[in-house]
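**Q** Before I ask anything, here is the structure I am working with.
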Amino acid sequence: MDYFEARGVDVSMYEKAKLPAYFNEVLENLDFNARILDFGCGFGQHLEAIKNCNFAITPKMGGGA
C-alpha cells in the first residue's frame, strides 16, 4: 500500500477537483500570470482545480511525500 492509498486518496479525486466557493472570488481578481503559492498538507486537489481554470502551474520547488 502506498502513501496515497493508505490515506484513502484516489486518482478520481483529482479528476473531479473543484475549488471551494470562496476561492472563486479570489481567482476572479487575479491576472492569469499571477503566481499562486500552494502550501499545507493537502494532496494537490486545489492545484489541479486551479490548473483547470487555465492558470499556469510551475513544478513544485520541494517537499512532498
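Heads up: the sequence shown is residues 20 to 84, going by this note's numbering. No residue lacks a Cβ here, since even glycine has one placed at the ideal position from N, Cα and C. A quick note: this is a predicted structure, and the numbers were derived from the prediction, not measured.
Hey, out of Asn73, Phe23 and Met20, whose CA is closest to aspartate 50's CA?
**A** Checked all of Asn73, Phe23 and Met20; the closest Cα to aspartate 50 is Asn73.
**Q** Just verifying my parser: in three-state terms, what is the DSSP assignment at isoleucine 76?
**A** Isoleucine 76 falls in the coil class under three-state DSSP.
**Q** Work out the CA separation of glutamate 34 and glycine 59 for me, nearest whole Å.
**A** Computed Cα separation, rounded: 21 Å.
**Q** Would you report the Cα separation of glycine 27 and glycine 63, rounded to the nearest angstrom?
**A** The straight-line gap from Cα to Cα measures roughly 14 Å.
**Q** Round the Cβ separation of glutamate 67 and alanine 36 to the nearest angstrom and send it over; I've been treating them as touching at under 8 Å.
**A** About 4 Å; that satisfies the 8 Å criterion.
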